[in-house]
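Novice: In UniProt numbering, the protein residues as written are 1 to 69.
I am attaching a structure below and will ask some questions about it afterwards.
Next up, the structure:
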C-alpha cells in the first residue's frame with residue numbers, strides 16, 4: 001500500500017504523506033502497533049520508496065517489522 005500510494009501521484013499534493021497515513025493506519029486497524037518513530041525515519045522511508053524504480057516490498061515489510069510493538 002505504501003509503495004503504490006507514494007508512487008501513484010493520485011493527488012495534486014501530499015501523496016507521500018497520504019501513503020504513510022494509510023499504511024500506518026491500516027497496520028493499526030489490523031492490530032499491529034508501531035512504536036514511536038522519529039519523523040526523520042518516516043521521511044527517509046517514504047522518500048526512498050517513492051524514488052525507487054522497483055517495488056521494494058521486502059524492504060518496506062522489514063522496515064515495519066523492525067518497528068512493530
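Note that CB positions come from ideal geometry on N, CA and C, so glycine has one too.
Owing to the predicted nature of the structure, the values given are computational and were not obtained by experimental measurement.
Going by DSSP, which residues form a beta bridge with residue 34?
Specialist: Residue 34 pairs with 68.
Novice: Between which two residues does the alpha helix (DSSP H) carrying residue 49 extend?
Specialist: Note, residue 49: alpha helix (DSSP H), 39-51.
Novice: Name the residue from 51, 24, 39 whose alpha carbon lies nearest to the alpha carbon of residue 33.
Specialist: Ranking the options by Cα distance to residue 33, first place goes to 24.
Novice: 8 Å is my cut-off, CB to CB: does residue 32 come that close to chain B?
Specialist: You won't find chain B in this structure, because it holds only one protein chain.
Novice: Whose C-beta lies closer than 8 Å to the C-beta of residue 1 among residues of the same chain, with five residues either side of it excluded?
Specialist: The answer, listed in chain order, is 19, 22, 23, 26.
Novice: Could you pull out every residue in the same chain whose Cβ sits closer than 7 Å to the Cβ of residue 49, ignoring the five residues on either side in sequence?
Specialist: Result list for residue 49: 2, 3, 6, 56, 60, in chain order.
Novice: Can you tell which of 10, 13, 64, 9 has its C-alpha closest to the C-alpha of residue 41?
Specialist: Residue 64 is the option with its Cα nearest to residue 41.
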